[in-house]
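Engineer: In the numbering used here, the protein residues as written are 1250 to 1602.
Every residue gets a Cβ at the ideal spot worked out from N, C-alpha and C, and that includes glycine.
1) Between which two residues does the beta strand (DSSP E) containing residue 1453 stretch?
2) Report the residue from 1355, 1411, 1370, 1398 whose alpha carbon sits nearest the alpha carbon of residue 1387.
3) Counting pairs of Cβ atoms below 8 Å between the segment 1460-1472 and the segment 1486-1503, do you hit three or more?
4) When the Cα of residue 1422 is compared with those of 1595, 1599, 1575, which residue comes out closest?
5) In three-state DSSP terms, what is residue 1428?
6) What's the call for residue 1359, buried or exposed, on a 16-neighbour Cβ count within 10 Å?
7) Residue 1356: buried (16+ other C-beta within 10 angstroms of its C-beta) or exposed?
8) What are the partner residues of residue 1373, as DSSP defines its beta bridges?
9) Decide if residue 1289 is buried, meaning its Cβ has at least 16 other Cβ atoms within 10 Å, or exposed.
10) By how many angstroms is the C-alpha of residue 1349 removed from the C-alpha of residue 1454?
11) Taking only three categories from DSSP, how would you classify residue 1343?
12) Could you give the C-beta distance for residue 1576 and residue 1516, rounded to a whole number, given that I count them as a contact under 8 Å?
13) With a threshold of 16 other CB atoms inside 10 Å of the CB of residue 1551, please say whether the residue is buried or exposed.
14) For residue 1419, verify whether its CB is less than 6 Å away from any heavy atom of the ligand NAP.
15) Here's the rule I'm using: 16 or more other beta-carbon atoms within 10 Å means buried, otherwise exposed. How should residue 1457 be labelled?
16) Tell me, to the nearest whole angstrom, how far the beta carbon of residue 1428 is from that of residue 1533; I am working on the premise that it is less than 8 Å.
17) Which one or two residues does DSSP pair with residue 1383 in a beta bridge?
18) Secondary structure at residue 1527, three-state DSSP: helix, strand or coil?
19) What do you get for residue 1307, buried or exposed, if any count of 16 or more other CB atoms within 10 angstroms of its CB means buried?
20) If you follow the beta strand (DSSP E) that residue 1603 is in, where does it begin and where does it stop?
21) For residue 1570, name the three-state secondary structure that DSSP assigns.
22) Can you find the residues in the same chain that come closer than 7 Å, C-beta to C-beta, to residue 1452, ignoring five residues on each side of it along the sequence?
23) Judging by CA-CA distance, which residue of 1582, 1418, 1399, 1511 is the nearest neighbour of residue 1446?
24) Buried or exposed for residue 1496, going by 16 or more other Cβ atoms inside 10 Å?
25) Helix, strand or coil: which one does DSSP assign to residue 1588?
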């Protein structure tokens, strides 16, 4: 696989997600529902992950997930007792995860063949559009399943607060240092304050001990945490990034790993947009990363209220243009793998004052 990943930009398809326009004082987005069609096109059914687990994680009754496709009929017809497995391994690398599962369900021969981790590694790196991160802590088939089963961080925590979400994409941390910011005005100021909290008061922060590897980035819409009323239309925009292995750790699933507040502050003036970005500090000056700072090329016109996002090899950024407002309240959270462990998830949340 070519290690180079083309820069690409998303225009988030969310016609009902608006900035402002609500009588509730602490709302960024007035409408409580989203119509993220692009997300529906990107993610696979959770049944895919379940079938992978059944096939390679325990006993399995004969499933009836998919009707036989003409492609599979053709591939099965080609298979003969003398067909070399290595040839089929290479053919399988051209299939997406859904097709691989469908093929594995056709017979024992293909089922045994598709246990090959090299196939799932190739599919994972290809579909996530990232380069090889090196050693990983779980099987690639499990990583693929968790990356495309439609789960997100609010699936496991605070479900009552969650409204909707969108998968932005994936990027790599090659270094253990992240730069988080709510401003993309170049040149970017590199914080030199002694503590994270003091750095965040200036809207920019360096965070160390990041778990390197593949990270997934999502844009979340959640209910405002100021009150617990289900009738409140106040919402909050959250850029949520996590290591690809996070949902496979028992400690996370058991609730032993929690988000900690790094710091918060208020922007007490008119904010033209709710903006957030996360960079691998080592690649801050890369050519592909520089495209994010070409702010006007991807955030849309001033009266375009739909959220926008851009992702590169080693960075991710989001922006939602805002109507007239009195400022923003910004919070930064991080989750560590145990006390003093590596950072495995980062959140930047924003809501109107």
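Structural biologist: Working from what's here:
1) 1453-1456
2) 1370
3) yes
4) 1595
5) strand
6) Flag for residue 1359 reads buried.
7) exposed
8) According to DSSP, which records beta bridges pairwise, residue 1373 is partnered with nothing at all.
9) Residue confidence for residue 1289 is low, a pLDDT of 33 falling below 50, so the modelled location carries little weight and cannot support an answer.
10) 42 Å
11) Coil.
12) 5 Å
13) Looking at its Cβ environment, which holds fewer than 16 other Cβ atoms inside 10 Å, residue 1551 is exposed.
14) Looking for the ligand NAP in the displayed structure turns up nothing, as the structure carries no ligands at all.
15) exposed
16) 6 Å
17) According to DSSP, which records beta bridges pairwise, residue 1383 is partnered with nothing at all.
18) In the structure shown, the three-state DSSP call for residue 1527 is strand.
19) With a pLDDT of 40 at residue 1307, under the threshold of 50, the predicted position of this residue should be treated as unreliable, though the coordinate-derived value follows. Only exposed fits residue 1307, as fewer than 16 other CB atoms lie within 10 angstroms of its CB.
20) Residue coverage of the chain in this structure runs from 1250 to 1602, which leaves residue 1603 outside it and unanswerable.
21) strand
22) 1430, 1431, 1432
23) 1511
24) Around the beta carbon of residue 1496, 16 or more other beta carbons lie within 10 angstroms, which makes this residue buried.
25) coil
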